[in-house]
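Numbering (the numbering used here), first residue to last: 7 to 114.
For every residue, glycine included, the Cβ atom is placed at its ideal position computed from N, Cα and C.
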């Protein structure tokens with residue numbers, strides 16, 4: 007059984023870009039950064055447990071960190087793993103706790 011404490015370690019942060027915002031509105035897909043060791047099954051279980059939504063599919067990508075130069079020093083950004091979560095119609099992930107606030111503002 008997958009430990010409850012590890013659920014919080016699987017999902018790192020949401021990735022908010024123009025492309026991910028458009029995909030969220032049109033295709034019901036959410037883009038999040040996940041732990042490099044996480045499998046698709048673990049990602050689905052973590053999202054279901056933490057956000058109480060139905061996930062239809064998960065696509066993952068491993069990003070290699072870019073090599074950057076600052077003056078004469080070379081550095082490297084960290085490697086990341088991203089997951090595209092396809093959600094069932096009618097379900098939405100509340101990434102920042104904003105869903106209740108939007109409804110309250112519209113009521114005013």
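Where residue i sits in the DSSP three-state scheme
{"i": "residue 52", "result": "helix"}
{"i": "residue 25", "result": "helix"}
{"i": "residue 36", "result": "strand"}
{"i": "residue 73", "result": "strand"}
{"i": "residue 105", "result": "Low confidence applies here, because residue 105 scores a pLDDT of 49, under 50, leaving its location unreliable; read the following figure in that light. In the structure shown, residue 105 sits in a helix (DSSP, three-state: H, G or I)."}
{"i": "residue 94", "result": "coil"}
Sequence-distant residues of the same chain with beta carbon closer than 8 Å to residue i, five excluded per side
{"i": "residue 57", "result": "99, 100"}
{"i": "residue 23", "result": "37"}
Whole-number beta carbon distance between residue j and residue i, since they are thought to touch under 8 Å
{"i": "residue 82", "j": "residue 73", "result": "5 Å"}
{"i": "residue 49", "j": "residue 59", "result": "Not really, about 13 Å apart at Cβ, beyond 8 Å."}
{"i": "residue 32", "j": "residue 62", "result": "Not confirmed; about 15 Å, so no contact."}
Residues of its chain near residue i, where Cβ-Cβ distance is below 7 Å and the 5 sequence neighbours each way are ignored
{"i": "residue 46", "result": "64, 66"}
{"i": "residue 52", "result": "13, 16, 17"}
Same chain, Cβ closer than 6 Å to residue i, neighbours up to 5 away in sequence not counted
{"i": "residue 44", "result": "16"}
{"i": "residue 68", "result": "87"}
{"i": "residue 105", "result": "With a pLDDT of 49 at residue 105, under the threshold of 50, the modelled position of that residue is not reliable, and no figure is offered here."}
Burial state of residue i (16 or more Cβ within 10 Å)
{"i": "residue 30", "result": "buried"}
Beta-bridge partners of residue i, as assigned by DSSP
{"i": "residue 88", "result": "39, 67"}
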